[in-house]
Every structure is written in structure tokens, then in C-alpha cells.
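Here the structure comes first, spelled out in C-alpha cells, and everything after it is commentary.
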Amino acid sequence: MEVLPSARRLIGSLRDIGYDLSGAVADLVDNSIAAGSTFIRIDMSFEGSNSWIRVSDDGSGMSEGALVEALRFGTRRHYDLDDLGKFGLGLKAASLSQCKRLTVASRSTAQGRTRLARWDIDHIEATDRWEVIRPRARDCRLATVPLRGAVGTVVLWEKLDRILRFKSPSGRRALTEFGQLETEIEDHLAMIFHRFLAREARRRLPLDILINGRPIQPWDPFARRETETRALTEQKLALTDGGASHRVAVRPYVLPAESRFSTPKAHHIAGGPRRWNRQQGFYFYRNDRMIQGGGWNRLRTSDEHTKLARISVDFLPSADHLFELNVSKTQVRVPPELRAELTAIASSVARIAQGSYRGKSEGHQGTDLTVARIEAVRELVGLVINAVRVALTEEFGPRSIELQNISKRISRLEQRLVKDMTQIAKAKATHNGNGAVTASGRATNPSS
Ligand SMILES: Nc1ncnc2c1ncn2[C@@H]1O[C@H](COP(=O)(O)OP(=O)(O)O)[C@@H](O)[C@H]1O
Ligand SMILES: [Mg+2]
Numbered sequence: 000m001e002v003l004p005s006a007r008r009l010i011g012s013l014r015d016i017g018y019d020l021s022g023a024v025a026d027l028v029d030n031s032i033a034a035g036s037t038f039i040r041i042d043m044s045f046e047g048s049n050s051w052i053r054v055s056d057d058g059s060g061m062s063e064g065a066l067v068e069a070l071r072f073g074t075r076r077h078y079d080l081d082d083l084g085k086f087g088l089g090l091k092a093a094s095l096s097q098c099k100r101l102t103v104a105s106r107s108t109a110q111g112r113t114r115l116a117r118w119d120i121d122h123i124e125a126t127d128r129w130e131v132i133r134p135r136a137r138d139c140r141l142a143t144v145p146l147r148g149a150v151g152t153v154v155l156w157e158k159l160d161r162i163l164r165f166k167s168p169s170g171r172r173a174l175t176e177f178g179q180l181e182t183e184i185e186d187h188l189a190m191i192f193h194r195f196l197a198r199e200a201r202r203r204l205p206l207d208i209l210i211n212g213r214p215i216q217p218w219d220p221f222a223r224r225e226t227e228t229r230a231l232t233e234q235k236l237a238l239t240d241g242g243a244s245h246r247v248a249v250r251p252y253v254l255p256a257e258s259r260f261s262t263p264k265a266h267h268i269a270g271g272p273r274r275w276n277r278q279q280g281f282y283f284y285r286n287d288r289m290i291q292g293g294g295w296n297r298l299r300t301s302d303e304h305t306k307l308a309r310i311s312v313d314f315l316p317s318a319d320h321l322f323e324l325n326v327s328k329t330q331v332r333v334p335p336e337l338r339a340e341l342t343a344i345a346s347s348v349a350r351i352a353q354g355s356y357r358g359k360s361e362g363h364q365g366t367d368l369t370v371a372r373i374e375a376v377r378e379l380v381g382l383v384i385n386a387v388r389v390a391l392t393e394e395f396g397p398r399s400i401e402l403q404n405i406s407k408r409i410s411r412l413e414q415r416l417v418k419d420m421t422q423i424a425k426a427k428a429t430h431n432g433n434g435a436v437t438a439s440g441r442a443t444n445p446s447s
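Numbering (numbering that gives the first Met the number 0), first residue to last: 0 to 447.
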């Protein structure tokens, strides 16, 4: 017996699955990127209760069948490994978290017709049915105009009840705040998509995003154009999951202290949308799209003295379940298997960052050596463990239960080993005092 959910009741809760405005816009941008767009325009117009927000792209567009499927909650489709999509919900859930009327217009061939489809919450509530409305092109020029003669897709949000929560949605306050939202979206997209905007993503196509006609400039969390920014050695970590292994790339950076930035303006910009203190920590990327920008995920606490530490962590969608990626793609959890290693990396980077904060350029080498030593240890442990894994796989076959069980135990052992050896390396480094200076051959005694 099939029992269908009540449309009227369910649509209400689907509006609240954790999107904020800029996160919701970012989810539309994901779709545009996935459709191969190179040019995305975001337009917002304040017209009191008729205000609207629109995202237009020059991607592949959608055929009639694809458009209808795209509006289904839980789109039925196959995902490639390099896809930015995931749950088949983003378009609907992100849009309806902000507005009551979502219209999608799309055209997949230059000669073809523009097709439109719409969810309207008022209609769903009135009918209690999952009924998609099909407006005529001439009745919805706001959605069709950007597609004139071109292939692509337009997503239009109207009835912005969640954005214009004012007693008077056409009042002065509403107007001012609507204007501020533009900056908020701009800052967020500049961060989330910085690799795409700076042509650093693995995807080959260029990408420009315009907001109300202005191009969005990428924001680099690691201020890599500053000569004093320090990029520490990249670490490749492995996450095991049954017989499979996922690679996670970790790249730590220590940004310069305020006085060492090229200009005060560059320092201000590097502070980021959430400002220095809250931008320290991990930057998680999934297929080059940032999921989390800053924060230590409870592996340590944010502290004024470590605010110059920022660490990129890259993973692939095949590891989504291990990172517990949420629907709005705004949150991950550090997999238990990575906690020890990420904590160790974070604390060594934090130490260097503290040195940089205090302006101790001398201290760099010392802490750098410690980091190098720890890295060497980790590498060695990794090599041995890998050799053991290869031998075991040959012995038992890649899919055997035995291999999976042993693999789990080895992973735990590896964590313990790395942790213990890291501690020993650290203890040695502290014991040697400023060991770096002696080790690098420079005398501690200034007279020699
Ligand atoms: N801008 C777009 N251009 C082309 N196709 C799109 C666009 N936006 C959405 N789609 C289609 O709609 C589907 C559903 O999108 P969405 O609800 O965001 O889920 P997901 O991205 O997880 O698949 C996508 O898989 C894609 O096929
Ligand atoms: Mg999507």
C-alpha cells in the first residue's frame, strides 16, 4: 500500500533544511557549473513585495523531460564523480527556503523553445498536491528574457517571504537590507567558488559570475599573492572504507601578521567575510567547491594567537558519506579516522602561526624543522603501512572480509603510531630548545 506524503505538510518542512540566502544561491551556482556554464548572472531587484532574485546561466540547458525531472524532489539521475550535485534536492530546497515561487526556464538548443516549469507554495497549500505549474513564456518574461536566442537556464525566485520579513515589505528598511544582501551573496560566492573564478579548479572551463552586472572577484583564503604567506608541505592522507581507500589532501598555510602584509588594504581583504578570528582553521573542498570556510571542527579552539593558520582539506565526492556532507552542502564532520592526524597537523601549523603572529621571523625555522620532522615520521609510517596493505591485498584478495577487518585494525594502529611518534618528535624538538638554529648550521652564539 503506497501512502503518499501530504504535499501541504511536507513542503513546509522542506523549506527548513538549513539554507541561508547565500548558501541557497551557491547551490544554484553549483547546478550552473555542473551544466558546464561559463557565465552566470545573478540579478536582484527590489520591488517591494514583488521583489525577485534571478540566476541565469549559459550552461547546457534542459530538454522538456529533464526540466520536469529537475523539479522533482529527489531528481532521478546518475552522478559523475566530478559532479557538484548530490541529493537531487538543491534546486528545490534551496529556492523554496527563500521564496514561495520558483520558476525555471530552460532551453537546450538555440533553435528550440524555451520551456518553463514552476513550484508555487501557495498553489501546493491550496491543492495539497505536488502539482508543477507550466506558465506560458509570454506570461513570465522575467524568466525568459535572459535566454533570448541562447541556450541555458534561468532560475527565478519570487514571493520572497523569507527574505522580506518586514512588516512593510516595501518600506525603506526593506530596501536597505535588500541592498546589503547583495554584498553578503557576493562575499560568499567569492569565497566558495574562488578556485573556479581564479581558473584554479580542475574543471577546464573558465567561469565568470556577475552580480547585478558586476563581476565577482575571487577571494583567496590563503593570501597566496602575499610574499610573506607561507605554504607548508602538502600532506596526503588516506581514508579507508571497507576495501576502498580515499585520498585526502591537506595543505597548511600561515598568513603574514598585519605589519607584514604588503598593504593595509590587502590585510583587510585577507580577513575575509567572517573576519580574521573566525576565518582560521580548516577549509574543506569537495571537487574544488568550498564546503566550509574556517573553523576547527572541535579539534581545537579558535584563538586570537592562531588566527593566521588556515588549512585546505580536499576530498572527493566518493568520500561524502565519510565526511557526512549535509544536504545544503555547508557542513562536514571530520571522519574519526582522520581526527588524530588532522589534530596533529593543526597543532603544528598553529604553533608556526603563533610565531608569525608575534612577529618572530627567527622562530620560523625552528617550528618548520619540527614540522618537517613530524612529516618525515608520518611519511615513513605511511610507507610501511602501505607496503603491508599491498601484501595483504595480494594474500587475501581485495574484497575479502578478512582484508576489511585487518584494514580497519591497521588504520587504528596507524593513527596510534603517528600520534605516538609525533609526540616523540615534538618532545625532542622542545628538548633541543631552538633546535633549528643548531641544526641549520648557524651558531647560537652570535660571536662565532
Ligand atoms: N542550471 C541548470 N542547468 C541545467 N540543468 C540543471 C540546472 N539546475 C538544475 N538542473 C538539473 O536539475 C537536476 C536537479 O538539481 P538539484 O535539485 O539541484 O539536485 P542535484 O544538483 O543534486 O542533482 C540536476 O541534476 C540537473 O540535471
Ligand atoms: Mg544541485
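Where a beta carbon is used, it is the ideal one built from N, C-alpha and C, also for glycine.
A quick note: this is a predicted structure, and the numbers were derived from the prediction, not measured.
query = How about D287: is its Cβ closer than 7 angstroms to a heavy atom in ligand 2?
reply = D287: no, Cβ never under 7 angstroms from ligand 2.
ask   = Is G35 near ligand 2, in the sense that its beta carbon is under 7 angstroms from a heavy atom of that ligand?
value = The answer is no for G35.
inquiry  = Can you list, in chain order, the residues of its chain with a C-beta nearer than 7 angstroms to that of M210? Leave out the 5 residues immediately preceding and following it.
reply    = Looking at the sequence itself, residue 210 is Ile, so the reference to Met does not match. Non-local beta-carbon contacts of I210 in its own chain, meaning distances under 7 angstroms to residues more than five positions away in sequence, involve I41, E181, I184 and E185 in chain order.
Boundaries of the beta strand (DSSP E) in which D240 is found, first to last residue = Per DSSP, D240 is one residue of the beta strand (DSSP E) stretching across Q234 to D240.
key: Reduced DSSP secondary structure (H/G/I, E/B, other) of T437   = Residue confidence for T437 is low, a pLDDT of 28 falling below 50, so the modelled location carries little weight; the figure read from the coordinates is stated next. T437 falls in the helix class under three-state DSSP.
ask   = Is D29 near ligand 2, going by C-beta to nearest heavy atom under 7 angstroms?
value = Annotation for D29 indicates a beta carbon within 7 angstroms of some heavy atom of ligand 2.
request  = Taking A116 as the reference, give the member of F221, F38, K91 and T329 with the closest Cα.
outcome  = With distances taken between Cα atoms, A116 lies closest to K91.
query = Run through DSSP, which three-state label would I52 get?
reply = Three-state DSSP puts I52 in a strand.
message = Given the structure, does D26 come close to ligand 2, in the sense that its CB is under 7 angstroms from one of the ligand's heavy atoms?
response = Indeed, a heavy atom of ligand 2 lies less than 7 angstroms from the Cβ.
inquiry  = Quick check on M420: does DSSP put it in helix, strand or coil?
reply    = Helix, per DSSP.
ask   = Among R8, I32 and G58, which residue has its Cα nearest to the Cα of V150?
value = Among R8, I32 and G58, the Cα nearest to that of V150 is on G58.
message = Are there any heavy atoms of ligand 2 lying less than 7 angstroms away from the beta-carbon of G292, as far as the coordinates show?
response = No; taking the cut-off as 7 angstroms, the Cβ of G292 has no heavy atom of ligand 2 nearer than that.
query = In angstroms, rounded to a whole number, what distance separates the CA positions of R135 and D15?
reply = Their backbone Cα atoms lie some 30 angstroms apart in a straight line.
key: Bridge partners - M43, DSSP secondary structure assignment   = Beta-bridge pairing links M43 to I52.
inquiry  = Does the beta-carbon of G17, which I'm using as the reference point, lie nearer than 7 angstroms to any heavy atom of ligand 1?
reply    = Not so, every heavy atom of ligand 1 lies at least 7 angstroms from the Cβ.
inquiry  = Suppose contacts are defined by Cβ-Cβ distances below 8 angstroms. Is I32 in contact with Q97 by that definition?
reply    = Inclusion of I32 and Q97 in the CB contact set at 8 angstroms is not warranted, their separation being larger than that value.
task = Report the residue from A424, T228, S50 and V417 whose alpha carbon sits nearest the alpha carbon of L341.
result = Among A424, T228, S50 and V417, the Cα nearest to that of L341 is on V417.
query = Do you know offhand how far E323's Cα is from L337's?
reply = Rounded to the nearest angstrom, the two C-alpha atoms are 13 angstroms apart.
ask   = Under 8 angstroms, do D451 and P217 count as touching if we go by C-beta distance?
value = Nothing about residue 451 can be read from this structure; the chain reaches only from 0 to 447.
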